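First up is the structure itself, then whatever we jot down about it.
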Amino acid sequence: MFRLAPRDGEWLDRGSEAYFRFEGRDVPFFAGDTYGSALAAAGIATTARSFKYHRRRGLYSALGHDANALFQIDGRPNQRSDALLARAGAVVAAVNTAGGVEADRGALIEKLAPFLPVGFYYKTFIGRRLFPLFEALIRHYSGLGRVDAASRPTQPPHRHRHCDVAVIGGGITGLAAALAAVEHGAGRVVLIDEGRRPGGSATGTQDSRLADLQQRVAAEPRIEAYHGHCATGLYEDRRLALVDASRPEGGLTLLRAGAIVLATGAIEQPVVFRNNDLPRVMLASGAQALLHRYAVACGRRVVILTATPDGLTVALDLAAAGIAVTVACLAASSPGEPGLRAALVSAGVAVLEGVTPIEALAGNDGAVAAVTLQTASSVRRFACDALLLSAGFVPALHLALQAGGTLAWSDTLQQHLPAHLPAGVFAAGRANAVYAMADRVQDGQRAGRAAALGASVASDDRLRIVSARSHAFPLFPHPQGKEFVDLDEDLTLADLRNAVQEGFDSSELLKRYSTVGMGPSQGKLSNLNALRQLAALRGDPMSEHALTTARPPWQGVTLGALAGVPSPPLRRSALDAEHERLGAEWMPAGNWRRPAWYCRTGLDRQLAIAAEVRAVRAAVGLIDVSTLGKIEVLGPDAAALLDLLYVGRHSDQRVGTTRYAVMLDEAGMVIDDGVVARRDLAAWYVTATTGAAAATYREMQRLVVERRLDCVLHNLTGAMAAVNLAGPRSRELLATLCGADLGADAFPYLAYREFTLAGMEARVMRVGFVGELGYEIHVPWDGAVALWRALHASARPGGLTPFGVEAQRILRLEKGHVIIGQDTDALTSPDEAGLGWAVRMDKPFFTGQRSLEALRRRGPRQQLVAFELQATQAPFEECNLFIDAGEPVGRVTSLAASPTLGKVIGLALVAPRVAGRSELAVRDDHGALHTVRFTRAPFYDPRGERQRAAAALAP
Amino acid sequence: MMPVSPPKPLPAGIAEAPVPYRLGLKGGDVPQLLARLGLRVPPRPNSWLPLPGSARRWCLRLGNGEFLLAQVDAAGGADLIETCTTAIAHGGFACHAVLRQDRCIVLTGPAATVRLLQVTDIDDRVFLRTPDALALVLLAGVGVALQGEPDTDGTPGYRIWCDPTYADHVLETLARHADHEP
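Below you can see the structure in the form of structure tokens.
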């Protein structure tokens, strides 16, 4: 076992031990362990397989910077095993294996490596012949974890938060920055750290400053700590997306900060040489995290290949824990001060200088068993069970890059530095190339103070290191290859060399062609080394090549976390409960729900709808039309506004009347229709279709502002409810509830009246959308239920039939009335839709007028026609195509079996050349052709006698 | 330091509070009209005031020139609306009465702010600092007027004024978030 004796500051509760199951075997863990630390403690070296060649892989960064750590956990794919707390009984498996991590059949692919060169996709798919074969193969093998389609997604609620200063990174710099921010007036500071406890890379050090800062932060109520959270994206206005990395479902917090301090540290970089990807070859910082946080030894006999003082520090820590360590300092590097070297010697650690790695060698279990090094005098093999790498650092400033920041390369320091940071964003600590503990505290205080005071000063670089802390070129090619630059994508030095030779010789091109940096870790451990290889091959200085930007999310986020709790806005009419009580079957209409039809005992859907249609034709029906847009227009310029908005003329409309109105877009296409009622000389009431209500209101607002019109708009869509009482007996029923004269002369067709109805003020329009005597009644939302119930109470039992949208569609189709958006599309002019009669081209201007003039000169491209078929049921469906000489010449827009007429009727948009035909064929979904007869609309009551209802109507 | 991960599941009450009397006022002369009627005017855009005579009458200033008068009790509620509309009808004020049928949802309790911040992106510090704060925000995907109304003991409380057709959605969304709380 690799678990060590209890250590001060470890993140474990040793009193609580449990097991999870990994690849068929039980793995013990303590409370506080991650899956990764528990596997390391259990001595399980191979925990993953690589993406392309299925090579054995193990814990590598232990800090979320590589794809090796992605596991399938309890059915959830691609979970971060080095961040998630282990759960008792969890079922855990490696991703991307065929037959398990130990016996992965996919490993055979590595034998095909010579045939899978860089740019394989581009080279292979340039010809069509082999595409189907490779597509099937790649689809089968691509991706990492598997989505369990049967599992129930978890969608935790989003949280929104605002703060004065956000500090990202809970290391010693971040702690100092957070405290400085509150000391300089920040009322709310949010401290975000991926670790479950503060400390960052300083965890485990005995420096008293860390403990002091931790205590002061813990006692400060103005600092909110988001431990176990990862900032995955930085957006406009300093908005941060924070993901709870400690929970499998990962809750999302959206944080808006006045200023941001990036105390995000620096990401340790690997050394590239042959077999540098074997299990138990890992970053020194990862081994340090295992040691201090989880009391796990990365090995018992460890070699550290380093160019940094950090590698030496890790060697000291491991030696102090009783682990045998050999330090191999890379050639052309001189890490660490003399004091550090002396401490190593005192601790009995062997230190080799000026070494060049040749290759790592695997043991029987596939994990590293030895490393061959070229020293000044000889080539030597060093047996080991863990090989740690530390080649240098990349500042973790990816969030700043997402927000438009830039980095600059320093030849002196051999690393990138922040060159330009977005306004209100400050870098501090290791992210700012400040490494010494005391300097990091001071740099954090500087950044925290600047953030709190809103200072727009550039980062102060006086504290930065003055000599290189990174190796200039830690890439060591081997004649037999397998020197992995990008472990996510299995890319070697040879792959990059070939890509550059093929002409993909900029960092952006190289990324897209070779896929370097395109894996789950987005190049955190590979981009810098790839850049070095690119610059070396081209003979360029490093400063001529830029790092590519890691896109958000910087760490993986579940789709469920992004989605949050589903809550698509749904509107309900005031009569919603009444419909429910009457057995409504619902359908969506825009963002409303509406009754499609009402269930009736003994009747199926079709018969129930037919019964509703017959009731309206024979007696009286009632439909909820509250979803209509309802807009009040007041003021002296109201008529002028309506003349601009609609194709008809309203300025000459008489008070107490309504007019049908058609609205066009700038291209002269129909986008909405409605009814305009003139209430008074300067007071109008306008209805719009359900889906276009908001857009119509916005267009009105635009015109009012643009034309400087003296009128006021009130959108009453939600505040007013509306019903349509329709049928030959509607007048008779309505008369029981009001004292107004409803006679044909006093309240004729298309008239508008306001009177008291069932005790409330109502706005009533004589309209005929369904082709019968009808009244559209508008009342305040509060009164809708009372009106609905009063109408039902006044009717004789069964005499008033509620009808839904399906019946309404049939009724209006029998009458030949179009529905905008169904019988028209985005390219239908009013002439093509048969609405040319409503257009008044002699007006000075209306929206779409000039385009319509041009359209009329050009002639129609399609024509709305009516057709019928002697059948009781339609043998095809809406949207089926009309076919002429084998070519499509139109489509069915509306279709219904008419209960009133006993035949199938419909509308269609067809090419003008076939619009004059007497019949044409429609092709159904199965390819069969059905001939329909063209006719003229309306199909029902063509003279409009019933809707005008000048005289008493017989049912 | 306040640990916020994981969030504590604390109680929050969610209910619809019937407010049968509401009236919208729009236009530049609304402050003068209200002053003429002896009513105080919320001094700042996006603020509110209790109206005199009852603890359950409010005047909400929505933005700059739009107002919502609302009253729970029947006594005097209809009169208030009628008085305003009559005054406008008599002329002399550049303002309009607007039909408002907003429904009012009350969110209160120790976890009210936590629940609120799950469905809307507001700076809760504004409500902590200013007891008469009002915000016109998108909440659960719909536009609402959010009125901060803490209890006398400091317990957070909010009134959410929304289009009546969206009120059920807002109520259900708040309840659904409560169900999802870990």
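Residue numbers (the working numbering), protein chains in the order written: chain A, 30 to 984; chain B, -5 to 176.
Think of the CB as a built atom: it goes at the ideal place given N, C-alpha and C, for glycine as much as any other residue.
Here the structure is a predicted model, which means the values were calculated and not measured.
Integer Cβ distance of residue i from residue j, believed to fall under 8 Å
i: Gln837(A); j: Ile652(A); result: 6 Å
i: Gly833(A); j: Ala625(A); result: 5 Å
i: Leu426(A); j: Leu291(A); result: 6 Å
i: Cys767(A); j: Ala667(A); result: The Cβ separation is near 28 Å, so there is no contact.
i: Pro549(A); j: Gly585(A); result: 6 Å
Beta-ladder partner(s) of residue i, from DSSP
i: Met692(A); result: Tyr675(A), Asp701(A)
i: Gly803(A); result: Ala755(A)
i: Asp709(A); result: Ala712(A)
i: Ala23(A); result: Absent from the structure is residue 23(A), since the part of chain A shown begins at 30 and ends at 984.
i: Pro35(A); result: Beta-bridge pairing links Pro35(A) to no other residue.
i: Ser439(A); result: Gln444(A)
i: Pro597(A); result: Its beta-bridge partners do not exist; DSSP assigns none.
i: Tyr781(A); result: Met794(A)
i: Thr686(A); result: Ala780(A)
i: Pro809(A); result: Met749(A)
i: Pro582(A); result: None; Pro582(A) has no bridge partner.
i: Ala775(A); result: Ala775(A) pairs with nothing; no bridge assigned.
i: Pro451(A); result: BP columns for Pro451(A) are empty, so no partner.
i: Glu573(A); result: Per DSSP, none; premise fails for Glu573(A).
i: Asp515(A); result: Leu520(A)
i: Ile8(B); result: Leu101(B)
i: Asp42(A); result: Ala60(A)
i: Gln471(A); result: DSSP output for Gln471(A) lists no bridge partner at all.
Any chain A beta carbon closer than 8 Å to residue i
i: Leu111(B); result: yes
i: Ala134(B); result: yes
i: Leu93(B); result: yes
i: Ser(-1)(B); result: Bear in mind that a pLDDT of 46 at Ser(-1)(B), under 50, signals an unreliable position, so the model cannot answer this.
i: Asp23(B); result: no
i: Met(-4)(B); result: In this prediction, Met(-4)(B) has a pLDDT of 45, which is less than 50 and means its spatial position is unreliable; what the coordinates show is noted afterwards. Yes, because at least one Cβ of chain A sits closer than 8 Å to the Cβ of Met(-4)(B).
i: Tyr152(B); result: no
i: Asp157(B); result: yes
i: Ala9(B); result: no
i: Thr114(B); result: yes
i: Pro3(B); result: Since pLDDT at Pro3(B) reaches only 48, below the 50 mark, its modelled position is unreliable, and the value read off the structure follows with that caveat. No - not a single Cβ of chain A is within 8 Å of the one on Pro3(B).
is_contact[residue i, chain C] using C-beta, thresh 8 Å
i: Asp811(A); result: Reference to chain C is not applicable here, since the protein chains of this structure are A and B.
Beta carbon proximity, residue i to chain B, threshold 8 Å
i: Leu281(A); result: no
i: Ser602(A); result: yes
i: Arg217(A); result: yes
Interface residues of chain A facing residue i [CB-CB closer than 7 Å]
i: His171(B); result: Pro186, Val594
i: Asp117(B); result: His191
Partners in chain A for residue i, counting only beta-carbon separations shorter than 8 Å
i: His163(B); result: Ser596, Pro598, Leu599, Arg600, Arg601
i: Thr79(B); result: Result: empty, since nearest Cβ-Cβ is about 12 Å, beyond 8 Å.
i: Asp67(B); result: Simply none; closest approach about 16 Å.
i: Thr167(B); result: Val594, Ser596
Residue i: contacting residues in chain B (beta-carbon distance under 9 Å)
i: His3(A); result: Nothing about residue 3(A) can be read from this structure; chain A reaches only from 30 to 984.
Interface residues of chain B facing residue i [CB-CB closer than 7 Å]
i: Leu663(A); result: His90
Chain B contact residues for residue i, given Cβ-Cβ distances below 8 Å
i: Gly747(A); result: Gln95, Asp157, Pro158, Thr159, Tyr160
**OP:** Just list the alpha helix (DSSP H) runs in the region 178 to 258 of chain A, keeping only unbroken ones of 4 residues or longer that don't cross its boundaries, in chain order.
**Re:** Entirely contained in the region 178 to 258 of chain A, the alpha helix (DSSP H) runs reaching 4 residues are, in chain order, 201 to 212, 237 to 247.
Subject >> Those runs of the beta strand (DSSP E) which lie wholly inside the region 303 to 388 of chain A and span at least 3 residues >> reply: Qualifying beta strand (DSSP E) stretches, in chain order: 310 to 312, 330 to 335, 353 to 359.
**OP:** List in chain order: all unbroken beta strand (DSSP E) runs of 3+ residues lying wholly within the region 69 to 119 of chain B.
**Re:** 90 to 92, 97 to 102
**OP:** Please go through the region 848 to 894 of chain A and give each complete alpha helix (DSSP H) segment of 4 or more residues, from N-terminal end onward.
**Re:** 878 to 887
Original post:
Where in the region 906 to 944 of chain A do unbroken runs of the beta strand (DSSP E), each at least 3 residues long, occur, reported from the N-terminal end onward?
Top reply: 910 to 913, 916 to 927, 932 to 939
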